[in-house]
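In the working numbering, the protein residues as written are 730 to 901.
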């Protein structure tokens, strides 16, 4: 039987083809995973930007919202129940977004540059009364690691922000 390939040789060739196919599929899965990770990060970043753009736009274009938003920090104790409820909901909307990203960072799903931005934003808002109230409501939903991180944030930025928007007559 000349010219015919023995069955064992066919078996070895088939094994090599299967091995190559497995390697190709592993490479394909790795590429897909990398793309999905990028898309997840991009989606989270886009969510954060949309939230901040909405907040900044509302502050720039809606005088009633702007006045109320400034009073959240300065006059929290003087706000009525409805205004505090609005503040709580704004705080929960913001804080959930932040703490979800902190969780993602601890899980290795956030880049270092996104982490720096997130940390800075958190330092600026962490001690706001509406954020503190929101934290007391949503705290149990997050891991102890995230809770410790939030509770140990440096809040010295607050006075900087408060002073940055005051007019010279306000500072006397």
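All C-beta atoms, glycine included, are put in the ideal place defined by N, C-alpha and C.
So, is residue 823 buried or exposed, given that buried needs 16 or more other C-beta atoms within 10 angstroms? Numbered from 1 along the chain shown, position 94 holds the residue referred to as residue 823. With a threshold of 16 other beta carbon atoms within 10 Å, residue 823 meets it and is buried.
Touch check for the region 743-750 and the region 792-807: three-plus C-beta pairs under 8 Å? The region 743-750, when compared against the region 792-807, does not touch it at the 8 Å Cβ threshold.
Residue 881, enclosing alpha helix (DSSP H) - first and last residue: Taking the first residue of the chain shown as 1, we reach residue 881 at position 152. Where residue 881 is concerned, there is no enclosing alpha helix (DSSP H), given that its DSSP letter is neither H nor E.
Give me the Cα-Cα distance between residue 901 and residue 834, rounded to the nearest whole angstrom. Here residue 901 corresponds to residue number 172 of the chain shown, with the count starting at 1. Here residue 834 corresponds to residue number 105 of the chain shown, with the count starting at 1. Summary for residue 901: the model assigns pLDDT 49, below 50, so the residue's position carries little reliability, and this model does not support an answer.
Could you give the DSSP three-state label for residue 785: helix, strand or coil? Numbered from 1 along the chain shown, position 56 holds the residue referred to as residue 785. DSSP places residue 785 in helix when its eight states are reduced to three.
Around the Cβ of residue 827, are there at least 16 other Cβ atoms within 10 angstroms (buried) or fewer (exposed)? Within the chain shown, the letter at position 98 stands for residue 827. By the 10 Å Cβ count, residue 827 comes out buried.
Test item: CB-CB of residue 855 and residue 879 under 8 Å: Here residue 855 refers to the residue found at position 126 of the chain shown. Here residue 879 refers to the residue found at position 150 of the chain shown. Result yes, Cβ atoms of residue 855 and residue 879 sit closer than 8 Å.
Is it the case that the CB of residue 806 approaches a heavy atom of the ligand MN more closely than 7 Å? Ligands are entirely absent from the displayed structure, and the ligand MN is therefore not among its contents.
Taking just the CA atoms, how far does residue 842 sit from residue 759? Position 30 of the chain shown, counted from the first residue, corresponds to residue 759. Position 113 of the chain shown, counted from the first residue, corresponds to residue 842. Approximately 23 Å, taken between the alpha carbons.
Tell me which same chain residues have a C-beta within less than 8 Å of the C-beta of residue 867, skipping the five on either side of it? Taking the chain shown and counting its residues from 1, the one referred to as residue 867 is at position 138. The answer, listed in chain order, is 821, 824, 825 and 828.
What are the start and end residues of the alpha helix (DSSP H) that includes residue 847? On the chain shown, position 118 is the one that residue 847 refers to. It spans 841-854 - the alpha helix (DSSP H) in which residue 847 sits, taken as one unbroken run.
Measure the alpha-carbon distance for residue 850 versus residue 792 and round it to whole angstroms. Indexing the chain shown from 1 puts residue 850 at position 121. Indexing the chain shown from 1 puts residue 792 at position 63. Computed Cα separation, rounded: 23 Å.
Taking 8 Å as the threshold (C-beta atoms), are residue 777 and residue 830 in contact? Counting from one through the chain shown, the residue named residue 830 turns up at place 101. Counting from one through the chain shown, the residue named residue 777 turns up at place 48. Cβ atoms of residue 830 and residue 777: closer than 8 Å.
Taking the alpha helix (DSSP H) that residue 811 belongs to, which residues open and close that run? Taking the first residue of the chain shown as position 1, residue 811 is located at position 82. Residues 810-835.
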